[in-house]
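By the count of our numbering, the sequence shown reaches residue 599 at its end, each step adding exactly one. The beta-carbon is built from N, C-alpha and C at its ideal position, and this holds for glycine as well.
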Amino acid sequence: MAIDAKQGALTTNQKVLDWVQECVDLCKPDKVVWIDGSKEQLDQLIEEVTSLPDGDPNKMWHLNEEKLPGCLYHRTAVNDVARVEDRTFICTRTKEDAGPTNNWMDPKEMYAKLTPMYDGAMKGQTMYVIPYSMGPVTSPISKVGVELTDSIYVVLNMNIMTRMGKAAFDKLGDSNDFVRGLHSKADVDPEKRYIVQFPEDNTIWSINSAYGGNVILSKKCFALRIASFQGKNEGWMAEHMLILGVQKPNGDTKYITAAFPSACGKTNLAMLIPPEGYLKNGYKVFTVGDDIAWLKPGKDGRLYAINPENGFFGVAPGTNEKSNYNALAATKKNAIFTNVALDNSDNTVWWEKLTKEPPVDATEWTGKKVNGVEYTSEIDEKTGKKKTLAHPNSRFTAPATNCPCLSPKFDDPEGVPISAMIFGGRRASTTPLVYQSFDWTHGTYMGSAVSSETTAAATGAVGVLRHDPMAMKPFIGYNVGDYWAHWLEMGEKLGDKAPKIFNVNWFKQDDNGNFMWPGFGDNMRVLDWIIKRCEGEVDAEETAIGYLPKKGDINLEGIEDEVTPEIMDKLLDVDTDLWKKEIAEMRRYYDEDIAAKGGRVPQALRDVLDKIEARLNK
Ligand code: OXD
Ligand code: MN
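And the structure:
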């Protein structure tokens, strides 16, 4: 019997009702449940999903209620553990509009290809209608999305990652400005897995996956891919950036955003604990966001940022009391753990580097019971590396409000005014610890040049550069050249109120391959210089590539033995030959990887290259 989607609807918005009905008619669920966000409804869903038999792929488990109250555990299929960039598409009407960094298919063709896959995909199941707000519900910067899904795991994750529930529909009213997300696990068939954005239709279709990054449609799909496209058309920006606040001893707080490619420590920087000396002097660091920033000019002409998310979807392995005390603390209640290992002795979770010793009585991430100590000393034949109990991309989904250093401005509808924006990558050489752009256009160039260099430890191939412009390569929802042009336009609009732009590199190595900068909490010393530059409190050295700290201007109090003046010289060195190579590589990148493949590189960025080169040749 046909289902009337209006039954139990939480909105009278006809556009929403028509679209939900259309999707119900296509997916043919047995039942439709509108998610109001109430505790009663969530408790009911948790009861349902934890009552499933152990072999059910949708099963979630309760954990130790004393040590991890309200926390849940889930395992995904072994073929479904990460984002799938090769199966992620931007379907704009023309291929040129998707540009060279995206997979593309004509929208009509893609709808035709996927429609039969969705047809009847929810038979025997429930479709959940999830209304959510990205950003504080009352914020002028935030936006509404609706996700339809057949997964309770998705509902529970969306409850942590977004402001989920009826208030989102109230914000939307009769407007048509909502992002339509349709997700079905279907058969979790990797050959039929598609993560598709239709930016011109405000629509996302995700099928045959149940892994967070592919199915929490609010995150990469909406808040970056669709939102970057909306931002271009509406005069704002969606960026892959953390947002943090540094409170100075006088109580004044300066806000900074930073974009780094994966595995470069974004969550760690967002939740940094300053070194002893700074703490004693009264400095504090607050987290506004760890992954995504939406930025819009405010009434005073400055650039304001909100974190559109409401939680952290973080990589678990490597997180511990020392590496990120605040992130770990955020996982201690009402969190969801996916593909980590279990310590069966007390029904808690474990992952590599959480503690020194793995649990003896363990369940590894695919569900096998093992002796954790013996298991982790075995070699995995496929990788040639030691076996791990947790999947390397295992995750925690944690409510932002659990984070001890969450900014009091986290929920501020106006957002926070941004003083500085930072780009960075993992570079063994060439790029100094920190430098500042001459102006916004040069800063945009620096963003376009973000790249990470593989190290011997990571891959065996040293010095291979992976370009990841603005750390947004997998997330720009349109032509990367137009995206750079949009950055330039924003700079023009902001004029002298624009944030200052910096580049950092925590990963510079000495001749023996040792990292020269201690990183983690000591990165505060670099943030300190950046803030002083924004305030006009400190001079800088003008070099061919930008403004660098003058000798002695990075505060090394307490780490003088570790970072000697010689090491500091190396950290801040600008090697002319290496920089000439860098410039040549950027020309090649613009020409071969972007322009030759349909990317419209703005002339202003090519001019920056020319100017840097001329200065290097002087
Ligand atoms: C993430 C990512 O999960 O960038 O945040 O891959
Ligand atoms: Mn990310």
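So, residue i versus residue j, is the Cβ gap smaller than 7 Å?
| i | j | result |
| --- | --- | --- |
| residue 379 | residue 293 | yes |
| residue 601 | residue 197 | Beyond the ends of the chain as shown, which are -18 and 599, falls residue 601; an answer cannot be given. |
| residue 423 | residue 589 | yes |
| residue 145 | residue 113 | yes |
| residue 202 | residue 407 | no |
| residue 295 | residue 308 | yes |
| residue 175 | residue 68 | yes |
| residue 364 | residue 339 | no |
| residue 45 | residue 328 | yes |
| residue 608 | residue 507 | Coverage of the chain is limited to positions -18 through 599, which leaves residue 608 absent and any answer about it impossible. |
For the alpha helix (DSSP H) containing residue i, list its first residue and its last residue.
| i | result |
| --- | --- |
| residue 558 | 557 to 569 |
| residue 547 | 546 to 552 |
| residue 96 | 88 to 99 |
| residue 251 | 247 to 251 |
| residue 22 | 20 to 31 |
Figure out for me which residue from the options has the closest Cα to the Cα of residue i.
| i | options | result |
| --- | --- | --- |
| residue 123 | 481, 405, 592, 393 | 393 |
| residue 425 | 488, 102, 534, 463 | 463 |
| residue 242 | 484, 580, 162 | 484 |
| residue 29 | -3, 107, 70, 151 | 107 |
| residue 431 | 486, 477, 152 | 486 |
| residue 587 | 469, 530, 521, 169 | 469 |
| residue 260 | 234, 229, 374, 281 | 229 |
| residue 170 | 238, 152, 250, 57 | 57 |
| residue 417 | 238, 344, 514, 368 | 514 |
| residue 345 | 336, 375, 337, 317 | 375 |
| residue 576 | 82, 238, -10, 35 | 82 |
| residue 580 | 459, 598, 305, 310 | 459 |
Helix, strand or coil for residue i per DSSP?
| i | result |
| --- | --- |
| residue 265 | strand |
| residue 136 | helix |
| residue 43 | strand |
| residue 417 | strand |
| residue 577 | helix |
| residue 372 | coil |
| residue 466 | helix |
| residue 505 | helix |
| residue 54 | strand |
| residue 78 | helix |
| residue 150 | helix |
| residue 523 | strand |
| residue 1 | helix |
| residue 127 | strand |
| residue 449 | coil |
| residue 590 | helix |
| residue 481 | strand |
| residue 211 | helix |
Which word fits residue i, buried or exposed, when buried means at least 16 other C-beta atoms lie within 10 angstroms of its C-beta?
| i | result |
| --- | --- |
| residue -5 | exposed |
| residue -7 | exposed |
| residue 496 | exposed |
| residue 320 | buried |
| residue 59 | exposed |
| residue 413 | buried |
| residue 342 | exposed |
| residue 119 | exposed |
| residue 302 | exposed |
| residue 32 | exposed |
| residue 578 | exposed |
| residue 371 | buried |
| residue 545 | exposed |
| residue 277 | buried |
| residue 255 | buried |
| residue 161 | buried |
| residue 347 | exposed |
Would you mind reading off the limits of the beta strand (DSSP E) that contains residue i?
| i | result |
| --- | --- |
| residue 226 | 223 to 228 |
| residue 329 | 329 to 331 |
| residue 311 | Where residue 311 is concerned, there is no enclosing beta strand (DSSP E), although the alpha helix (DSSP H) it sits in stretches over 306 to 311. |
| residue 178 | 175 to 179 |
| residue 350 | 350 to 352 |
Q) What residues sit near ligand 4, counting only those whose C-beta is closer than 6 Å to one of its heavy atoms, in chain order? A) Ligand 4 is absent from the structure shown, which contains only ligand 1 and ligand 2.
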